[in-house]
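First comes the structure, then the notes that go with it.
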Amino acid sequence: MLTLKLNINNRFTKELPADPVLTNTRRQVREACFSYVTPRTPSQPSLVHTSPEMLEAIGLKGNEQSDYFLEVFSGAKILPNTKPYSMCYAGHQFGNWAGQLGDGRAINLTEIAHNNKYWTLQLKGAGETPYSRTADGLAVLRSSIREYLCSEAMYHLGVPTTRALSLVLTGDMVLRDVLYDGNPEYEKGAIVCRLAASFLRFGNYEMFAAHQDIPTLKTLVDYTITHHYSYLGSPSRDVYIAFFKEVVAKSMDMVIHWQRVGFVHGVMNTDNMSILGLTIDYGPYGWLEGYDHNWTPNTTDNAHKRYRYGTQPQVVLWNLIKLANAIYPLIESVEILETILNAYQNDVEIAYFEMMKSKLGLIENDENDKLLIEALENVLQLSETDMTIFFRLLSQFKSNQSLEGIDCIKEAFYNPDEIKESIKKEWTEWFLKYQTRLKKENLNDKERANQMNTVNPKYVLRNYMSQLAIDAAEKGDYTVINELFDLLKKPYDEQISHQKWFAKRPEWARHKVGCSMLSCSS
């Protein structure tokens, strides 16, 4: 039986204070880290897809076709000896304090241990919670496919992320206003089971700081250190400082990976920042297609572009400042926290520089490398140029090439006719500098190409690809989901049989809802 294969270990609910109110009513919750809640029973659940890798990771390989598996991961049945719950947290949204937020459509089923790893099993879209505010706590197939595919794609790109186990249709219809323009429509309801060692966010700590509830704040920070940062030692003031340094380092590592692969989160609120440095909450995300530091996929953010690609490292810093404010009562030193945050500003510039060097296949140091990178970023934005295709094709450029470098990457241009006169001149000048720089490297062209192809993916989950999977799935055809799921397991491999996915965004997707325009309900 399925339950015998799960090693239940509910340390979160055993060690942290619970909301004493058990009714599922919208309310403000104080001095509690979570509220118990029961998932909504779906009318006619059916399984769309499962991740074999994650089934094995939690010890459920071979159980996915059972009725019991479907009942548990659609929310219809609760596992023995477990009590599902939703977490209480607050947050800053688009730079403004939003107060209590919490898991409005996420319900944690349980925590398990398997092969010396801990996982929290969480259903997204399984019904309302005390934190749902005016919403219904449900999710639709469209957004669920995007989250399911993207979290697994990100993992295989080498980006820290939550994972996905299963995708289920509920059999119920859900009313959604995709673009918040007063035109709601009914869509198919769905649930994703996502997994992480913890879903704790910056906002969990902000909640207690805002209420000046220092005892519960300390309890939560101590719990976090004990179970997720135990290598730092037993909780103490010095360990709180080391803990903050670690969160800063992990958050920086995450966002540098985002910049490397051209991922734009779209809604980097503090309640969407993982305390473990994981990419969390896949809503209006997107990948850069035309290389543009000002691009954001989020229609809600279209006016101010707070969460655009180019600002993501600085937004992480802004969010870390809010986390520092939250845990200040445990450290009581502005100077120490400022020193850590100031170090981030320096470190993130260095990390970004080294990341960009790796994308260009540069290992040796040269005093002009920064200027070379800045020049590239400028020329890439003179005409719409596909980021993924450009960097992948760049590996084919030879250090002794006699042909114009622009010929190597011409397939990356969306408007080839624009590449003339001044634009062509700037590209030519850049390639001459790049060619000269490559001659200072010890790797030969083949070795450099191999190295570049380990950091520059050939395949990413472009929005139009997700939309094709969504359109097919809405008609009951899951073959595109299957194909993309398998493709994105090996994003750095050539996969010649899947060459059709190594292509610029098609023109029909340029302004299509779901491809270029996404909201927080996406």
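Reading the sequence shown from the start, the letters are residues 4 to 525 in the numbering used here. All C-beta atoms, glycine included, are put in the ideal place defined by N, C-alpha and C. Computed from a prediction, not measured in an experiment: that's the story for all the values here.
Task: Cross-strand partners of residue 197 (DSSP beta bridge) - done: Taking the sequence shown and counting its residues from 1, the one referred to as residue 197 is at position 194. According to DSSP, which records beta bridges pairwise, residue 197 is partnered with 125 and 167.
TODO: Starting from the Cα of residue 161, find the closest Cα among 15, 384, 266 and 386 and give me that residue.
DONE: In the sequence shown, counting from the first residue as 1, residue 161 sits at position 158. Ranking 15, 384, 266 and 386 by CA distance to the CA of residue 161 puts 266 first.
Task: Entirely enclosed alpha helix (DSSP H) segments - the region 320-397, minimum 4 residues - done: Qualifying alpha helix (DSSP H) stretches, in chain order: 337-362, 372-383 and 390-397.
TODO: Starting from residue 289, follow its DSSP beta bridges and name the residues at the other end.
DONE: On the sequence shown, residue 289 is found 286 positions in, with the first residue counted as 1. In the DSSP output, where bridge partners are listed per residue, residue 289 has 267.
- [ ] Take the Cβ of residue 443 as the centre, count every other Cβ of all protein chains shown within 10 Å, and call the residue buried at 16 or more, exposed below.
- [x] The residue labelled residue 443 in the question sits at position 440 within the sequence shown. So residue 443 counts as exposed.
Task: Straight-line Cα distance separating residue 400 from residue 368 - done: As a working note, residue 368 is residue 365 in the sequence shown. As a working note, residue 400 is residue 397 in the sequence shown. Separation of residue 368 and residue 400 (C-alpha to C-alpha, rounded to the nearest whole angstrom) is 20 Å.
Task: Chain-order list of residues whose beta-carbon lies under 8 Å from that of residue 513 (same chain, five-residue window excluded) - done: Here residue 513 refers to the residue found at position 510 of the sequence shown. These residues qualify, in order along the chain: 519.
- [ ] Report yes or no: do the region 254-263 and the region 130-143 share at least 3 C-beta pairs separated by less than 8 Å?
- [x] No, the region 254-263 is not in contact with the region 130-143.
TODO: Would you tell me roughly how many angstroms separate the C-alpha atoms of residue 482 and residue 114, rounded to the nearest one?
DONE: Mapped onto the sequence shown, residue 482 falls at position 479. Mapped onto the sequence shown, residue 114 falls at position 111. Roughly 32 Å between the two C-alpha positions.
TODO: Could you check what DSSP says for residue 111 in three-state terms: helix, strand or coil?
DONE: Along the sequence shown, read from residue 1 onward, the residue named residue 111 stands at position 108. Strand at residue 111.
TODO: Give every residue of the same chain whose Cβ lies closer than 6 Å to the Cβ of residue 156, excluding the five residues on either side of it in the sequence, and list them in chain order.
DONE: Position 153 of the sequence shown holds residue 156. If we look at residue 156 and ignore the five residues flanking it on each side, its Cβ neighbours are 464 and 491.
Task: Option nearest residue 327 by Cα separation, candidates 421, 301 and 220 - done: In the sequence shown, the residue the question calls residue 327 occupies position 324. When the alpha-carbon of residue 327 is set against those of 421, 301 and 220, the nearest one is in 220.
Open item on the list: Output needed for residue 395: all residues of its chain with C-beta closer than 6 Å, excluding positions within five of it in sequence on either side, in chain order.
Closed with: Taking the sequence shown and counting its residues from 1, the one referred to as residue 395 is at position 392. Here residue 395 has 459 and 461 as same chain residues with Cβ atoms under 6 Å from its own Cβ, once five neighbours each way along the sequence are excluded.
Open item on the list: Please report the distance separating the alpha-carbon of residue 4 from that of residue 67.
Closed with: Locating residue 4 in the sequence shown gives position 1, counting from the first residue. Locating residue 67 in the sequence shown gives position 64, counting from the first residue. Residue confidence for residue 4 is low, a pLDDT of 47 falling below 50, so the modelled location carries little weight; the figure read from the coordinates is stated next. Spanning the two alpha carbons is a distance of roughly 12 Å.
Task: Counted within 10 angstroms of its Cβ, other Cβ atoms place residue 392 as buried (16 or more) or exposed - done: For the purposes of this step, residue 392 is identified with residue 389 of the sequence shown, where counting begins at 1. Burial call: buried.
TODO: Starting from residue 52, trace the alpha helix (DSSP H) both ways and give me its first and last residue.
DONE: By 1-based counting over the sequence shown, the position of residue 52 is 49. Looking at the DSSP string, residue 52 is not in any alpha helix (DSSP H); the run it does join, the beta strand (DSSP E), is 49-53.
Open item on the list: Is it buried or exposed, residue 300, if we count other Cβ atoms within 10 angstroms and call 16 or more buried?
Closed with: Start at 1 with the first residue of the sequence shown, and residue 300 comes out as number 297. Buried, by the Cβ-count rule.
- [ ] List the endpoints of the continuous alpha helix (DSSP H) containing residue 37.
- [x] As a working mapping, residue 37 is identified with position 34 in the sequence shown. Residue 37 -> not in any alpha helix (DSSP H); beta strand (DSSP E) instead, spanning 37-39.
Task: Boundaries (first-last residue) of the alpha helix (DSSP H) holding residue 437 - done: Looking up residue 437 in the sequence shown gives position 434. Looking at the DSSP string, the run of the alpha helix (DSSP H) that includes residue 437 is 424-441.
Open item on the list: Taking the straight line between their C-alpha atoms, what separation do you get for residue 109 and residue 364?
Closed with: For the purposes of this step, residue 109 is taken as the residue at position 106 of the sequence shown. For the purposes of this step, residue 364 is taken as the residue at position 361 of the sequence shown. Each residue's alpha carbon lies about 42 Å from the other.
Open item on the list: Distance check for residue 232 and residue 12, CA to CA, integer angstroms please.
Closed with: To locate residue 12, count along the sequence shown from 1; it is residue 9. To locate residue 232, count along the sequence shown from 1; it is residue 229. Spanning the alpha carbons of residue 12 and residue 232 requires a straight line of approximately 18 Å.
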